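So in our numbering, spot 222 of the sequence shown is number 222, and the numbers just go up one at a time. Below: the structure, in structure tokens.
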Amino acid sequence: MKKTKRCLSLLLVCLLLSALLPVYASAETDTVLQFDENGQFRIMIFADIQDNRDIEESTLQLMRETLDKYPADLVIFLGDNSVDRELEGYAASVEAFTQICNERNIPHAFVFGNHDTEMDATPEELLAIYREFGSLTYDADPDIYGCGNCNLPILSSDGNKTAFNLWLFDSGSAHPDKSIGGYDCVRADQINWYKTTADKLKEENNGETVPSMLFQHIIMPEVYETLYPKLPFTAGKDYTIKGKTYFPVPFFNRHSGIILEPCSPPFVTEGQFDALLETGDVIATFHGHDHVNDFKTDCYGIDVVNVPTVGCSAYSDAISRGSGLITLYEDDPAAYGYEMIYHFDMALEENSLLPQIEGRDSTFYYKAVKFFRQKILDGFHNLFL
Ligand SMILES: [Fe+2]
1 MKKTKRCLSL LLVCLLLSAL LPVYASAETD TVLQFDENGQ FRIMIFADIQ
51 DNRDIEESTL QLMRETLDKY PADLVIFLGD NSVDRELEGY AASVEAFTQI
101 CNERNIPHAF VFGNHDTEMD ATPEELLAIY REFGSLTYDA DPDIYGCGNC
151 NLPILSSDGN KTAFNLWLFD SGSAHPDKSI GGYDCVRADQ INWYKTTADK
201 LKEENNGETV PSMLFQHIIM PEVYETLYPK LPFTAGKDYT IKGKTYFPVP
251 FFNRHSGIIL EPCSPPFVTE GQFDALLETG DVIATFHGHD HVNDFKTDCY
301 GIDVVNVPTV GCSAYSDAIS RGSGLITLYE DDPAAYGYEM IYHFDMALEE
351 NSLLPQIEGR DSTFYYKAVK FFRQKILDGF HNLFL
């Protein structure tokens, strides 16, 4: 009986989604992203919620309190948004975390992570769920690799032109070629779509490049070339990136923040980073995936940022858990601001419900976490790699 009920409700969800698919296959939406009258635009990034249909209350409350203290103009869910393996459960978790934005009238978008699509449903079915709950993400070209590859323009404060642009990419899951192994990479047809669309944006902007940021779950391999020491030999597979082997402990002086696990990009590339350098529009890229890493580094002139998990039940570390806040300035895009909003800081806010939800009715724990993090930054940077 229970099984029949479950099948019926799953059938209902499928019927609803199939009815919604044609409606939401396009970018059509009433929402316009625009710089405010002060020429600012704020983006809050929530990465790797990575929970099932019953999202841990502390994760939801952390996101609520973060957005209440730092109101954003857009929220981006940076992949591994849900790991529920059933369509019905996946939809329930999307409803729960998008509701936080919808209740606050904050537009939201997402990219897929490697775990989102590890289920029977197709990515297109999952995209339809997000669209049902108001996501701005759309599939710009259904013929290219992945799903949800798109761009979101941000209008100038006077509304006369596209002043900034956001690229959202599906960085895939496991690489389907077992001889390559590791994670998938952004493919040549996605890169061609990016280059063509960037050209179009430039043309529409009187020949001037539109400054942009890129959001995709998995970091690009080039981060190893500028952040990690290269070994004089090739050995093993895990840290052999683009045919070169690296020592998995980064140079301490080449990044800010904390790196608590080696970055895990794909082992190969089809030229995505080179295309960014060639096009010259992207000033920063943002990634999740490595839950306990919160750092920013310069990679051939482009800022590469890893946003740690916001999920309290995903694998995580109290010293890095939180969300990333970008502040864009219309008159000086390259001078954008980026700051981490940490779980421990939010829990130490007056009237925060987080300590009670987590059963720690004391601020001592969070003060200790904050102190410990500072000690690592001060003297023991990367000690725990
Ligand atoms: Fe993840």
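Think of the CB as a built atom: it goes at the ideal place given N, C-alpha and C, for glycine as much as any other residue. Keep in mind that this is a model prediction, so the values were computed, not measured.
{"Item": "Candidates 192, 255, 144 and 117: closest to residue 223 by CA position", "Value": "255"}
{"Item": "3-residue-minimum beta strand (DSSP E) runs that sit fully inside the segment 244-279, ordered along the chain", "Value": "255-258"}
{"Item": "Any chain D beta carbon closer than 8 Å to residue 335", "Value": "Chain labels in this structure do not include chain D; a single protein chain is all it has."}
{"Item": "Three-way DSSP call (helix, strand, coil) for residue 75 in this model", "Value": "strand"}
{"Item": "Nearest-angstrom Cβ-Cβ length linking residue 286 and residue 45, presumed shorter than 8 Å", "Value": "6 Å"}
{"Item": "Buried or exposed (CB count within 10 angstroms, at least 16 for buried), residue 196", "Value": "exposed"}
{"Item": "Residues near residue 189 in its chain [Cβ-Cβ closer than 7 Å; skip 5 each side]", "Value": "144 and 145"}
{"Item": "Burial state of residue 249 (16 or more Cβ within 10 Å)", "Value": "exposed"}
{"Item": "Element boundaries [alpha helix (DSSP H), containing residue 128]", "Value": "123-132"}
{"Item": "Ligand 1 heavy atom lying under 7 Å from the CB of residue 291", "Value": "yes"}
{"Item": "Alpha-carbon spacing of residue 121 relative to residue 331, whole angstroms", "Value": "43 Å"}
{"Item": "For residue 347, three-class secondary structure by DSSP", "Value": "helix"}
{"Item": "Alpha-carbon spacing of residue 55 relative to residue 342, whole angstroms", "Value": "19 Å"}
{"Item": "Nearest-angstrom Cβ-Cβ length linking residue 111 and residue 170, presumed shorter than 8 Å", "Value": "6 Å"}
{"Item": "Secondary structure of residue 307, DSSP reduced to three states", "Value": "coil"}
{"Item": "Check whether residue 261 and residue 292 have beta carbons under 8 Å apart", "Value": "yes"}
{"Item": "Beta-carbon gap between residue 52 and residue 89 smaller than 8 Å", "Value": "yes"}
{"Item": "Whole-angstrom C-beta distance between residue 183 and residue 266, which should lie under 8 Å", "Value": "4 Å"}
{"Item": "Alpha helix (DSSP H) segment containing residue 58, residue limits", "Value": "57-69"}
{"Item": "Residue 109 to residue 75 span [Cα, whole Å]", "Value": "6 Å"}
{"Item": "Distance CB(residue 295)-CB(residue 257) smaller than 8 Å", "Value": "yes"}
{"Item": "Same chain, Cβ closer than 8 Å to residue 312, five either side skipped, listed in chain order", "Value": "56, 58, 59, 62, 321, 343 and 358"}
{"Item": "Residue 282 vs residue 220 beta-carbon contact at 8 Å", "Value": "no"}
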